[in-house]
Amino acid sequence: MSPHNYTLNLTSLVAKASTLTERLNNSSLPQVTDKDETQISERLERWCQVVAQGKLAKFQRRLACLGLDIDTIRPLLVNAYSNEQQPLPSWATTLEQVIQTAQNFANKHWYPYRYLNPEKPIPFEPIYVPCLQVATQLLLAQVGDRLKLLTDSAMAALERELVLQLSVLCSSTLMEEFSTFRSSGNAVRDFLLLCVKSPNSKEKYYAFIDQLFQDGLLSLFQEYSVLGRLVATAIDFWVEATTEFLNSLATDWSDIEQCFGGDTPLKQVVAVKPGLSDPHNRGRSVIALTFDTGMQLVYKPKDFGLDVAYYNFLEWCNSHTTLLPFKVIQVLNRSTYGWVEYVESQPCEDESAVRRFYERSGMLLCLIHTLEGTDCHSGNLIANGEQPVLVDLETLLHHRNKSMGSSESDATMLVEKQLAESVLRTWILPQWGISQNDQLTVDLSGLGGVEEQKVLATRIQNINTDAMNLGYETVVLKEANVPTIRGISLSPDDYLEDLVAGFEQMYRLLFSHQAVLLAPTSPLMILAHQKVRYVFRSTRIYHRILQNSYAPSLLRFGIDRSITLDVLSRAFLTWEQKPVFWSILAAELQAVEQLDIPIFTVLSSSDSLELPKGLIIPELFEEPSFSRVLRQLSTLSEADLAQQIEIIRGSFYSRFVREPNLVSFQVVSTPAKEVMPLTKEQLVQQAITIAVDLRQRAICAVDDSVSWISLKYRANTQGFQLQSLGVSLYDGSSGVALFLAALAKVTGNSEWHELALRTLQPLCKVLQDSNPENAARLTRQVGMSGTTGLGSIAYALAQISQLLQEPALLQDALKAAALITPDLIAADKSFDIMAGAAGTILSLLALPASTYLEMAIACGEHLLKHQTNIDKRPKAWKNSAGKQLTGFSQGAAGIAYALVRLYAVTQDSRFLDAANEAIAYEQSVFCTEAQNWPDLRYEEPCLRVSWANGAAGIGLGRLGGLSVLDTVEIRQEIAIALETTIKFAISNVDNLCWGNLGRIETLLVAAQKLNRPDLLEFVHQVVTHIVTQAQAQGTFTLFPDLPPKVYNPGFFHGTTGIGYQLLRIAYPTLLPSVLLCE
């Protein structure tokens, strides 16, 4: 078929695709018409929202940093902005070649091109064929016969990588255009037609492809000029990077044979795996290659000087025969690129090998910690048999920014600093992080990812058919960092002692050789002038921003994509004055504009950062990273070793602890009645013992405030995170201070009064700060809930104010409550006591009469609006996973209780009706056989008896609302709940949330409200047994399956909640029920 006639105005297309930076560098200004003004105003409004969340003053600061204001920026926001004095950019020429080549593809559907695989189709893959033809022609012109170094299949892998890159850029736009093309305007009719047709029908799909090729993709790229630019840029970068790779391969062939190949000559590369790293510096990334001999290497477009230095130091470590030897990797460094031995994931031979793997992992952890390493996530650590091998060394000797203020101004900051400088910084130890799309929380640490981890990913489904659509798929993360035996992954949790032993051995080796390592002839000196990577912000952020910038609405005009990318400036606007590192932003924006992940490098001997264009930011860092390594070595000590080992253990304990269910429930025999119950004085003395231990563990700052290292519960993972003590009632300073205030009230001891105030000092400082940014930051961190958020802070401060007779704390409580806004309520998707509107209601109702009643009612209205039914059951509330849960903390029982309390104040029957409906829902799933309510959070429902889930919490909720909702059915449910709670009264866990002291509160409230002296007697028998057990083992047990010595100061999962409950049992009328938010 003859080429289709077309007219391509490259100048116009380039003008439309021009970026903000290009417009700023253009000296001429366009003529702005009345027609432009509306669009300019819309862009200004969107830009303000992107960078400043709609705050005009902050947006004006952003413009001022560009040397502009709102008036002077307006002309730059027109659709097209041309610079006729400049020649057309190279990408325009490449795009023109693509369009010319594409003219020959009309009515040609599918060809067996070597880079296309029918078994693994790529969405809209015919569109990319002309792009590949242009790319390979350009490549051939650059490398000629050097292409013969690769087999056809190896070259096909490089070409397919480009197709995949182009698909990432184009899929959203092509999907939107295809949806419009195949639509008849009647969505129901279109759906029925798809149902009638074969699911593999491709009639409309091919018609869409034909239409695009009618003018050689001209219409597509004229409409989406930015897409055309990005496609051409990706082609140019691929040609450039592939040329560099092939030229390097040809130049180094003989040296590769000598360094890696042994005696067998190399003939050809038979396989490659491109794209094994983020793209940097014009699309360059890591490539793995396999030669005809089976030898495997990795090509990296970066200096390998740091790798050589690191492996030299490993050899020094290996020379000390008392330690297990490390695997040392062969490297061929070429300054700007290099070749390294491929490290393959291999299983361990036996159990002993696994133990050696984790012992070496502990040794490696110590080395990386000492060498100021970070970002050692699961993709950077390979389990090579019994050898853990770090394969990406560029984040060793990582520099630390200078603090913008005092990093130790209060105890919270001091604890955060200690943890930030600990072994946690390496990211080797198990810890939760956020997946790339922020949908789920996963463990991506170097030793994490043992269990099957799943994330939701956006995928095009029914690829290249008429039914093609965008949907979500669950993707299983598979990493090569976990040791295996016969295909079974071995968890580091089972080898903690081996890991600790390895860490201690390496620590003591370095400690004993301090003089050698700090001497001028030290084996570490080779690290002194190496080029290392500086990670300014997480690459996950860059990936998300880039992905968002490929939305079709942003690919018509370059200015729209630039505005979206400028979200990077938001972090810089936190400060009123331009921060010293402001120049980094321009480098970031330049990189993401051209599809790169920004990368910054700095000499380990420097405290200044040189940006890609040569601009230097002087004294950006605290000190040269190598100086930091030397200082780290000089401060090694027995005390530091003990602290690091404690943090290692804490990270494992927090990562692998799980909530007990009745299958794993260890019931202790019923306490003997003949044992003399503890007196009030003895209960108080036990609480004092808890407080003394708390005080001894406190970390004190120069301002006299105190804080602790704690285990923070994360509801989305049902697990914990080792971190500094937060601020909430649930597991933060508010809960700790509430215990201390109760102890001060009961004992009259001013020491506990003072310690409570010192604990609250950092929180109150934020609440009293006039800077709205600090209040906004607090709100983002904790949310609004009455258990874990702002409501919990307000509740705790109000109670503490009354206990300590400190009126100022009540004012702080009201300030915390004032941060709960209608927008926060509307955004709530949890609804429950733990993190949602129900807990907020209870906390607001606990404040002085009518202070925030309107906001509590707004929370109630929010709950009414979102109550719904599933499978024709009574109405309840769906959580973020779409499940309707039972239980007090995260389920219907707690929400019903909050609504009953709200009804008692408002007399609005709608709240009572909703509560009754929720109670009916729980009854609809009641398990008669177990006499309990199932925990429905998991795929396989299970049974629990705790404040959080199951009979104890549900019974407590019914008891709490009994003064309002007192029916035969409610009393029957209470009786069942009490019977089940008594049956499982004593287990091997003591905390409030999951354990004994939480169940005791249910029985104590029942004794009070039902006038049951027998229950009160049982409560005292149980608490006597629990305290006696704790005294025998030296501490209370906070978590199942963990050593009793594991410490946590938090209220619901820690010692302070236990201490408060002991005081409440001693003085039940003096102290309110915190578990009912009284």
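For this note's numbering, count along the sequence shown from 1 and bump the result up by 1.
The C-beta atom is built at its ideal place from N, Cα and C for all residues, glycine as well.
Segment limits, beta strand (DSSP E) that includes residue i
i: PHE582; result: No beta strand (DSSP E) holds PHE582; DSSP gives it neither H nor E.
i: THR725; result: The amino acid occupying residue 725 in the given sequence is Ser; Thr does not appear at that position. Note, SER725: beta strand (DSSP E), 720-725.
i: TYR535; result: 532-535
i: VAL901; result: Looking at the DSSP string, VAL901 is not in any beta strand (DSSP E); the run it does join, the alpha helix (DSSP H), is 893-907.
i: GLU918; result: Not the beta strand (DSSP E): GLU918 falls in the alpha helix (DSSP H), residues 910-925.
i: LYS17; result: No beta strand (DSSP E) contains LYS17, which is instead part of the alpha helix (DSSP H) from 11-18.
i: TYR338; result: That residue, TYR338, is in no beta strand (DSSP E); it is neither H nor E in DSSP.
i: PRO389; result: 388-391
i: VAL1006; result: Taken as a continuous stretch (DSSP letters only), VAL1006 belongs to no beta strand (DSSP E), being part of the alpha helix (DSSP H) at 997-1010.
Assumed close pair residue i, residue j - CB separation to whole angstroms, cut-off 8 Å
i: THR981; j: VAL946; result: 6 Å
i: ALA953; j: ARG1000; result: 5 Å
i: GLN515; j: LEU634; result: 6 Å
i: VAL747; j: VAL685; result: 6 Å
i: ASP813; j: PHE657; result: Actually they do not touch by this definition, with Cβ atoms about 37 Å apart.
Continuous alpha helix (DSSP H) stretch holding residue i: start and end
i: ASN313; result: 306-319
i: GLY792; result: 791-805
i: LEU1064; result: 1056-1067
i: LYS984; result: 969-984
i: LYS681; result: 681-698
i: LYS36; result: 35-53
i: ARG650; result: 639-657
i: ILE858; result: 854-867
Short Cβ contact (8 Å threshold) for residue i with residue j
i: PHE912; j: ILE834; result: no
i: ASP824; j: ALA838; result: no
i: THR466; j: LYS203; result: yes
i: PHE305; j: ASN282; result: no
i: VAL1085; j: SER570; result: Residue 1085 falls outside the range modelled here, since the chain spans only 2 to 1079, and no answer is possible.
i: LEU382; j: ASN482; result: yes
i: LEU764; j: SER734; result: yes
i: PHE601; j: PHE653; result: no
i: SER626; j: SER605; result: yes
i: VAL144; j: LEU247; result: yes
i: GLY1060; j: ALA688; result: yes
i: PRO345; j: GLN331; result: Inspection of the sequence shows that residue 345 is occupied by Glu rather than by Pro. No, the Cβ-Cβ distance between GLU345 and GLN331 is not below 8 Å.
Length of the line joining the Cα atoms of residue i and residue j
i: TRP878; j: ILE1027; result: 36 Å
i: SER523; j: VAL517; result: 6 Å
i: VAL270; j: LYS17; result: 43 Å
i: ASN6; j: GLY229; result: In this prediction, ASN6 scores a pLDDT of 43, lower than 50, which makes its location untrustworthy; the coordinate-derived value is nonetheless stated afterwards. So the alpha carbons of these two residues sit roughly 19 Å apart.
i: GLU350; j: GLN388; result: 12 Å
i: PRO266; j: ASP256; result: 11 Å
i: THR102; j: THR137; result: 12 Å
i: ILE896; j: GLY861; result: 10 Å
i: LEU519; j: TYR311; result: 16 Å
i: LEU768; j: LEU811; result: 12 Å
i: THR371; j: THR780; result: 36 Å
i: TYR731; j: SER793; result: 8 Å
i: THR20; j: LEU425; result: 40 Å
i: SER563; j: ALA158; result: 32 Å
i: ALA384; j: LEU315; result: 17 Å
i: ASN470; j: THR1003; result: 51 Å
i: GLN440; j: THR459; result: Confidence in GLN440 is poor, its pLDDT being 41 and thus under 50, which makes the residue's placement unreliable; the coordinate value appears in the next sentence. Rounded to whole angstroms, GLN440 to THR459 spans 10 Å at the Cα level.
i: ALA919; j: SER925; result: 10 Å
Per-residue burial, residue i [other beta carbons within 10 Å of its own, 16 or more giving buried]
i: LEU57; result: exposed
i: CYS928; result: exposed
i: SER786; result: buried
i: SER407; result: Reliability fails at SER407, whose pLDDT of 49 lies under 50, so the model's placement of it is uncertain and the value that follows must be treated cautiously. Exposed, by the Cβ-count rule.
i: ARG24; result: buried
i: ARG778; result: exposed
i: VAL693; result: exposed
i: CYS701; result: exposed
i: LEU139; result: buried
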